[in-house]
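Undergrad: Please see the structure below; I have some questions.
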């Protein structure tokens with residue numbers, strides 16, 4: 184057993200639940216632009232992760248796991264996941280968390296995910312590999328491709344986004 | 074009525090971001106979906122060792138053992154369960170509020186949609202080399218190039234699908 188992974192997973196699962204992301208009603212509400220709670224939570228999650236990662240990288244303690252930018256496969260995968268996400272309100276992490284929190288429909292979606300994983304294995308050699316080879320740019324980062332520094336990207340994205348989040352939140356209260 | 078979340082958006086987001094930071098220092102950025110393939114791979118290795126050994130994906134070492142990522146997913150399940158129980162919000166339920174408003178109490182359709190949705194979710198995640206955790210949230214944290222096209226189709230198709238599938242909105246409690 185990997186205790187470190189287990190502990191971080193415990194924290195992640197609890198946070199997904201408490202933050203309201205492990206709640207399909209909140210996800211569908213956000214995708215329909217009727218309830219922006221989940222969108223704002225995700226935005227803060229990404230901003231803190233981005234800024235945190237940048238500092239950790241500067242300090243030399245960040246572990247990277249950059250996914251390959253094989254464009255066709257990523258576009259297709261995002262589309263499939265998007266359709267499933269929009270139908271159910273679940274993604275892999277929140278599906279597991281919701282099933283654990285007593286949602287039996289999420290348990291069925293998780294079962295579907297195991298079937299999807301098996302299907303992925305079976306079509307991997309014949310279908311996935313060729314698609315993965317189209318517009319395959321490999322494990323690139325945005326700063327590498329653009330030649331613009333990571334700092335410029337991190338703060339150029341996170342500072343305006345943070346301002347927008349807090350300004351719109353203030354206006355709503357009035 | 075869809076009630077508000079237990080934590081305000083900025084507290085929940087901050088908490089998730091801090092856990093991301095912890096994960097980046099401890100082992101690697103957060104990710105969930107690979108382990109579904111690892112579990113299936115383990116089963117296939119047991120059922121048909123010959124097929125598995127020849128397979129270009131599941132013969133790889135990463136797909137033959139339960140490591141950090143697997144235990145992270147097990148922890149995720151336990152953490153969500155504990156948070157639900159301790160916050161007094163553990164509840165058995167069969168459907169969602171958005172579903173009920175649009176489709177009534179037809180559970181067969183909800184389950185069928187949920188099952189097919191699950192297949193698409195995992196298939197899509199693995200095509201893209203990651204899901205909403207690994208390719209989106211962790212992708213942006215590292216400024217991965219792949220996060221850009223992934224975000225566009227994930228939310229584009231997500232919003233389009235939700236718009237087509239859920240025309241009526243339930244009442245929503247405001248923060």
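Residue numbers (our numbering), protein chains in the order written: chain A, 184 to 357; chain B, 74 to 248. Built from N, CA and C at the ideal position, the CB exists for glycine as well.
Taking DSSP as the reference, what is the three-state secondary structure of residue 137 (chain B)?
TA: Three-state DSSP puts residue 137 (chain B) in coil, outside helix and strand.
Undergrad: Under 8 Å, with one C-beta from each stretch per pair, do the segment 212-232 of chain A and the segment 77-95 of chain B reach the 3-pair mark?
TA: Output reads yes: the segment 77-95 of chain B touches the segment 212-232 of chain A.
Undergrad: Note down, in chain order, each residue of its chain lying with its Cβ closer than 8 Å to the Cβ of residue 264 (chain A), except the 5 sequence neighbours on either side.
TA: Closer than 8 Å at the Cβ level, and outside the excluded window around residue 264 (chain A), lie 274.
Undergrad: Check the C-beta distance from residue 184 (chain B) over to residue 291 (chain A) and give it rounded, since I have them as a contact under 8 Å.
TA: 5 Å between Cβ atoms; contact.
Undergrad: On the DSSP bridge assignment, give the partners of residue 119 (chain B) in chain order.
TA: None; residue 119 (chain B) has no bridge partner.
Undergrad: Report the neighbours of residue 248 (chain A) on chain B: residues whose CB is nearer than 8 Å to its CB, in chain order.
TA: Here the neighbours are 101, 102, 104, 207, 211, 215.
Undergrad: Could you tell me if residue 303 (chain A) is buried or exposed, where buried requires 16 or more neighbouring beta carbons within 10 angstroms of its beta carbon?
TA: Label assigned to residue 303 (chain A): buried.
Undergrad: Tell me the rounded alpha-carbon separation between residue 203 (chain B) and residue 105 (chain B).
TA: Straight-line Cα distance between these residues: approximately 8 Å.
Undergrad: Let me know the secondary structure DSSP gives residue 357 (chain A) once reduced to three states.
TA: Because residue 357 (chain A) sits at a pLDDT of 47, beneath the cut-off of 50, its placement in the model cannot be relied upon, and the following sentence gives the value as read from the coordinates. Note: residue 357 (chain A) maps to coil in three-state DSSP.
Undergrad: What are the start and end residues of the alpha helix (DSSP H) that includes residue 93 (chain B)?
TA: Looking at the DSSP string, the run of the alpha helix (DSSP H) that includes residue 93 (chain B) is 82-99.
Undergrad: Applying a beta-carbon distance threshold of less than 8 Å, which residues of chain B neighbour residue 291 (chain A)?
TA: Result: 184, 187, 188, 191.
Undergrad: Name the chain A residues that come within less than 8 Å of residue 98 (chain B), Cβ to Cβ?
TA: Residues of chain A passing the Cβ test: 239, 244, 245, 246.
Undergrad: Would you say residue 115 (chain B) lies against chain A (beta-carbon separation less than 8 Å)?
TA: False, the Cβ-Cβ gap to chain A never drops below 8 Å.
Undergrad: Tell me the rounded alpha-carbon separation between residue 279 (chain A) and residue 244 (chain B).
TA: Near 26 Å, if we compare the C-alpha coordinates of residue 244 (chain B) and residue 279 (chain A).
Undergrad: So what does residue 75 (chain B) bridge to, in DSSP terms?
TA: According to DSSP, residue 75 (chain B) bridges with B:245.
Undergrad: Going residue by residue through the segment 211-289 of chain A, where are the continuous beta strand (DSSP E) segments of at least 3 residues, counting only ones entirely within it?
TA: None, since the segment 211-289 of chain A contains no complete beta strand (DSSP E) of that length.
Undergrad: Quick check: the Cα distance between residue 150 (chain B) and residue 196 (chain A), rounded to an integer number of angstroms?
TA: Each residue's Cα considered, the two are about 6 Å apart.
Undergrad: Taking Cβ positions only, does residue 239 (chain B) come closer than 8 Å to chain A?
TA: At least one chain A Cβ lies under 8 Å of residue 239 (chain B).
Undergrad: Pick out whichever of A:286, A:216, A:208 has its Cα sitting closest to the Cα of residue 158 (chain B).
TA: With distances taken between Cα atoms, residue 158 (chain B) lies closest to A:286.
Undergrad: With residue 312 (chain A) as the anchor, note down where its alpha helix (DSSP H) starts and where it stops.
TA: First-last of the alpha helix (DSSP H) with residue 312 (chain A): 312-315.
Undergrad: Starting from residue 194 (chain B), trace the alpha helix (DSSP H) both ways and give me its first and last residue.
TA: Start and end: 180-200.
Undergrad: So residue 244 (chain B) contacts chain A; which residues on that side make the cut at Cβ distance below 9 Å?
TA: Result: empty, since nearest Cβ-Cβ is about 10 Å, beyond 9 Å.
Undergrad: If we define contact as Cβ-Cβ less than 8 Å, is residue 133 (chain B) a contact residue for chain A?
TA: No, residue 133 (chain B) does not count as interfacial toward chain A.
Undergrad: For the segment 249-262 of chain A against the segment 187-202 of chain A, are there 3 or more C-beta pairs whose distance is under 8 Å?
TA: Segments in contact, no.
Undergrad: If the cut-off is 8 Å on Cβ atoms, which residues from the segment 188-206 of chain A count as contacting chain B, listed in chain order?
TA: Here the close residues are 188, 189, 190, 191, 192, 193, 194, 195, 196, 197, 198, 199, 200, 201, 202, 203, 204, 205, 206.
Undergrad: Could you name the residues of the segment 259-273 of chain A whose beta carbon sits closer than 8 Å to any beta carbon of chain B, in the order they occur along the chain?
TA: Those would be 259, 260, 261, 262, 263, 264, 265, 266, 267, 268, 269, 270, 271, 272, 273, in chain order.
Undergrad: Run through DSSP, which three-state label would residue 106 (chain B) get?
TA: Residue 106 (chain B): coil per DSSP, three-state reduction.
Undergrad: Residues of chain B with a CB under 8 Å from the CB of residue 211 (chain A): which are they?
TA: Under the 8 Å cutoff, chain B gives 169, 171, 235, 239.
Undergrad: Please compile the residues from chain B whose C-beta is within a distance smaller than 9 Å of the C-beta of residue 137 (chain A).
TA: With chain A running from 184 to 357 in the structure shown, residue 137 (chain A) is simply not present.
Undergrad: Just verifying my parser: in three-state terms, what is the DSSP assignment at residue 319 (chain A)?
TA: Residue 319 (chain A) falls in the strand class under three-state DSSP.
Undergrad: Should residue 252 (chain A) and residue 211 (chain B) be called a contact, given that it needs their Cβ atoms to be closer than 8 Å?
TA: No. Outside cutoff.
Undergrad: Compute the distance between the beta-carbons of residue 97 (chain B) and residue 236 (chain A), then report whether it is under 8 Å.
TA: Yes. Within cutoff.
Undergrad: What does the alpha-carbon distance come out to for the pair residue 266 (chain A) and residue 334 (chain A)?
TA: So the two alpha carbons sit approximately 34 Å from each other.
Undergrad: Between residue 203 (chain A) and residue 227 (chain B), is the Cβ-Cβ spacing less than 8 Å?
TA: No; because the gap between Cβ atoms is not below 8 Å, this pair is not in contact.
Undergrad: Three-state secondary structure (DSSP) at residue 160 (chain B)?
TA: It is coil, neither helix nor strand.
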